[in-house]
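Chemist: After the structure tokens below, expect a handful of questions from me.
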Amino acid sequence: MFSKILVANRGEIALRIIRACKEIGVRTVAVYSEPDANSPHVHLADEAVCIGGAAASQSYLNIPAIISAAEITDVDAIHPGYGFLAENAHFAEICQSCQIKFIGPSPHAIRQMGDKVAARETARKAGVPIVPGTSDPIKDKDEALKAAKKLKYPVIIKASAGGGGRGMRVCHNEVRLVSALMTAQHEAEAAFGNPAVYLEKYIEKPKHIEFQILADSHGHIIHLHERDCTIQRRHQKLVEEAPSPSVDWKLRKKMGDVAIKAARAVNYVNAGTIEFLLDTDGRFYFLEMNTRVQVEHGITELITGIDIVKEQIRIAAGEKLTVRKQDKVPLRGHALECRINAEDPAKDFAPCPGVIERYNSPGGPGVRLDSHVYSGYKVLPYYDSMIGKLMTHGRNRGEAISIMQRALDEFIVEPIKTTIPIHKEILKSPIFRRGQMYTDFIPRLIGEWGDKNADESALAPAEKER
Amino acid sequence: MNLKEMKELLQLMSENGLTEIELEKDGLKIRLRKGVSGIEQTYVQDARPPASAPRPAEAAESREAARAAASAAKIATIKSPMVGTFYAAPAPDAPPFVQVGSSIEAGQVICIIEAMKLMNEIKSEVRGRVVEVLVNNGDPVEFGQPLFRVE
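So the sequence lines, in the order shown, correspond to chains A and B.
Those letters in the first sequence? Residues 1 to 466, per my numbering, in order.
Those letters in the second sequence? Residues 1 to 151, per my numbering, in order.
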């Protein structure tokens, strides 16, 4: 086992990793940007090194600074968390060459699955069903029009090097495709440094189902069942649950086996997630693989009792998985997660940085809160707006929902605006309660909710004047 | 407004400790704002235990003190621009680049910070006389850590 690990991240995930390390007796080093000096992960770690200014490029994405910090504190391993450098194959390689263990898969697996076009091809070759689409990046608009005609509209343009919902455009006809192609390429270039885009058939009314994979270096690969992440806004997840109300044991076995097949195809080691789209006919398609621990990993921990972050560390240290046989993976009850973001739902989810003056976190049975904020904490504008993940676990879906509603009522974060009100609406929605959501759920809900709660300042200036 | 004028404006801001400046000239309006640094965040925290690792709080305090001293007696604090190991001299047996009392010019190499096996020469941005050396040879240093005080 490692004696010291550097956590190359911030916020709630840095805290999560440090907590796991403390519990297994591993010393920790936190790195932080100047404005993060008072963040809990900095205080909880055994050592802390300031690595740069506010901008992520100067700090959390600054590879030389992070490696240098790892060297002066003499760590054995680096845990990259999620986002930032977590899926940066180059960073993983540098760790290797500096004799520091990167807690995650190999640089090869990261590259293979990080390039979405290559990932689809890998999946296809392994006999994994993929969403019909182009196998090479699109070169020009004529190629795009030809491919789209073959796939049949609607189609979606996606960035090859992408993720997180950026660089995506749904096109219902030729005119839209031509205009969207260039914009998507520019967006891809700006966000990922690579303008390559590809086309996929756009599956209407899909559900987003993902399987958590754990693989050790001794050849054991298991999945920890699925998560349903259908509730998204602009491709950003808002509410997740495990297991999915739309997956029965037969489908779970089928999809789970396919997920493991995909992971084996790249000799995957450590934690990862295979994402699928499930259509209304019960057909599922490989979407992509995330080669990192995910934001929503906690709900899987709640239903299986397996600590994913500890498993990541143990796998990286060369140990065998705690649970090695698929039929021994527990599935107990039902878990929900609401992502609490410092955003104003009434103003199109505009970010709301600022000081949290009044804070009361929920508690009681069945509640788990992973958060780095506290009373007096200043939410910074430089990073993502997530301030916490509120999770609940009940004997069944109904109980998990009622615990979550109770917990949301207790949760006070003021005066900044948060997504707590929209979560309360989501949980009240009959469609959600019946488990019949599709990925159009949020736009529909927001349309209705927006009309009820329109803020005066959200009106266009001309209207205000009247 | 040309690059030279912009640089002069930035210099003006630095010398006078300004964080924001707005200028209108010949129909051109320009506003320059300095990024937030950890020093400005001296708000009151509640009793979440910052029990271990007093280092970040200490660093913030010493930076505050340095700022106060600077405005009082025109003393500049040279801070580390990177993470690494501080070396006072170009080689283990060589004399140090500077010591207390040394006169330095802007652009002069005052120390080395080793990061990822690379020796980075750190140059002074100010001209003056070294009044204090705040770190020891071989110490690990972090970004923003005060290294020298110069009059």
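Quick reminder that beta carbons are idealized off the backbone N, C-alpha and C, glycines included.
Just so you know, these numbers come straight off a predicted model, no measurement behind them.
Thinking C-alpha only, which one of A:Gln99, A:Met289, A:Leu336 is nearest Ile401 (chain A)?
Modeler: Among A:Gln99, A:Met289, A:Leu336, the Cα nearest to that of Ile401 (chain A) is on A:Leu336.
Chemist: So Pro146 (chain B) contacts chain A; which residues on that side make the cut at Cβ distance below 8 Å?
Modeler: Within chain A, no residue comes near Pro146 (chain B); the closest Cβ sits about 12 Å away, beyond 8 Å.
Chemist: Over the uninterrupted beta strand (DSSP E) stretch that includes Lys347 (chain A), give me the two end residues.
Modeler: Taken as a continuous stretch (DSSP letters only), Lys347 (chain A) belongs to no beta strand (DSSP E), as it is neither H nor E.
Chemist: Ile100 (chain A) and Leu199 (chain A) look like a contact to me (Cβ under 8 Å); what is the Cβ gap, rounded to whole Å?
Modeler: Rounded, the Cβ-Cβ distance is 40 Å, inconsistent with contact.
Chemist: Using alpha carbons as the reference points, say which of A:Phe276, A:Thr280, A:Thr300 lies closest to Met289 (chain A).
Modeler: For the residues A:Phe276, A:Thr280, A:Thr300, the minimum Cα distance to Met289 (chain A) belongs to A:Phe276.
Chemist: So with CB distances below 7 Å, who are the chain B contacts of Pro64 (chain A)?
Modeler: Under the 7 Å cutoff, chain B gives Ala115, Met116.
Chemist: Do the segment 53-72 of chain A and the segment 88-97 of chain A meet, that is, are 3 or more Cβ pairs less than 8 Å apart?
Modeler: Touching, yes.
Chemist: For His423 (chain A), count neighbouring Cβ atoms within 10 angstroms of its own Cβ and tell me buried if that reaches 16, exposed if not.
Modeler: Classification of His423 (chain A): buried, given that the 10 Å Cβ count is 16 or more.
Chemist: Anything in chain B within Cβ reach of Ser385 (chain A), meaning under 8 Å, just list it in chain order.
Modeler: Under the 8 Å cutoff, chain B gives no residues; its nearest Cβ is about 17 Å from Ser385 (chain A).
Chemist: Note down, in chain order, every chain A residue with its Cβ under 9 Å from the Cβ of Thr85 (chain B).
Modeler: Per Cβ cutoff of 9 Å: Ser68, Glu71, Ile72.
Chemist: Does the Cβ-Cβ distance between Pro353 (chain A) and Ala342 (chain A) come in under 8 Å?
Modeler: Result yes, Cβ atoms of Pro353 (chain A) and Ala342 (chain A) sit closer than 8 Å.
Chemist: With 8 Å set as the bound, which would you pick, yes or no: does the beta-carbon of Met13 (chain B) sit closer than that to a beta-carbon of chain A?
Modeler: Output row for Met13 (chain B): interface = no.
Chemist: In this structure, how does DSSP classify Thr134 (chain A) when only helix, strand and coil are distinguished?
Modeler: The answer is coil: DSSP assigns Thr134 (chain A) none of H, G, I, E or B.
Chemist: Name, in chain order, the residues that DSSP records as bridge partners for Asp370 (chain A).
Modeler: Answer is A:Lys389, bridged to Asp370 (chain A).
Chemist: Using the C-alpha atoms, what's the distance from Arg31 (chain B) back to Val239 (chain A)?
Modeler: Each residue's alpha carbon lies about 41 Å from the other.
Chemist: Could you check if Thr280 (chain A) is buried or exposed, using at least 16 other CB atoms within 10 Å of its CB as the buried criterion?
Modeler: Result: exposed.
Chemist: Which chain B residues are close to Ile51 (chain A), counting only those with a beta carbon under 8 Å from its beta carbon?
Modeler: In chain order: Val83, Glu142, Phe143.
Chemist: If you run the structure through DSSP and keep just helix, strand and coil, what is His223 (chain A)?
Modeler: Three-state result, His223 (chain A): strand.
Chemist: Taking 8 Å as the limit between beta carbons, can you name the residues of its chain near Ala161 (chain A), skipping five residues before and five after?
Modeler: Closer than 8 Å at the Cβ level, and outside the excluded window around Ala161 (chain A), lie Gly114, Asp115, Lys116, Ala188, Phe192, Gly193, Asn194, Ala196.
Chemist: Among A:Lys237, A:Ser244, A:His218, A:Lys201, which has the Cα closest to the Cα of Phe211 (chain A)?
Modeler: Closest by alpha carbon: A:Ser244.
Chemist: Suppose you measure from the CA of Ala88 (chain B) to the CA of Cys50 (chain A); what does that come to, to the nearest Å?
Modeler: Distance between the alpha carbons of Ala88 (chain B) and Cys50 (chain A): 21 Å.
Chemist: Helix, strand or coil, according to DSSP, for Met437 (chain A) in the structure here?
Modeler: Here Met437 (chain A) sits in coil by DSSP.
Chemist: Please classify Asp470 (chain A): does DSSP put it in a helix, a strand, or coil?
Modeler: Outside the modelled stretch of chain A, which goes from 1 to 466, sits residue 470 (chain A), for which no answer is possible.
Chemist: Secondary structure at Met1 (chain A), three-state DSSP: helix, strand or coil?
Modeler: Coil at Met1 (chain A), not helix or strand.
Chemist: Along the beta strand (DSSP E) that carries Thr322 (chain A), what are the first and last residues, could you check?
Modeler: It is not in any beta strand (DSSP E) - Thr322 (chain A) carries neither H nor E in the DSSP assignment.
Chemist: Mapping DSSP to helix, strand and coil, what is Met82 (chain B)?
Modeler: Met82 (chain B): coil per DSSP, three-state reduction.
Chemist: Measuring alpha carbon to alpha carbon, tell me which of A:Ala55, A:Tyr377, A:Val7 ends up nearest Ala30 (chain A).
Modeler: Of the candidates A:Ala55, A:Tyr377, A:Val7, the one whose C-alpha sits nearest the C-alpha of Ala30 (chain A) is A:Val7.
Chemist: Could you compute how far the alpha carbon of Gly364 (chain A) sits from the alpha carbon of Gln405 (chain A)?
Modeler: Approximately 13 Å between the Cα atoms of the pair.
Chemist: Which of the three DSSP states is assigned to Asp477 (chain A) in this structure?
Modeler: This structure leaves residue 477 (chain A) out entirely; chain A is present only between 1 and 466.
Chemist: Would a C-beta distance cut-off of 8 Å place Tyr359 (chain A) and Val413 (chain A) closer than the cut-off?
Modeler: In this structure, Val413 (chain A) lies closer than 8 Å to Tyr359 (chain A) by Cβ.
Chemist: With DSSP as the reference, label Leu12 (chain B) as helix, strand or coil.
Modeler: Leu12 (chain B): helix per DSSP, three-state reduction.
Chemist: Just the C-alpha distance for Lys201 (chain A) and Glu143 (chain A), rounded to the nearest angstrom, thanks.
Modeler: Approximately 15 Å between the Cα atoms of the pair.
Chemist: For Gly144 (chain B), which residues in the same chain have their Cβ closer than 6 Å to its Cβ, ignoring the five residues on either side in sequence?
Modeler: Cβ neighbours of Gly144 (chain B) beyond the five flanking positions: Lys79.
Chemist: Considering Val258 (chain A), what are the terminal residues of the alpha helix (DSSP H) in which it resides?
Modeler: Where Val258 (chain A) is concerned, the enclosing alpha helix (DSSP H) stretches over 249-265.
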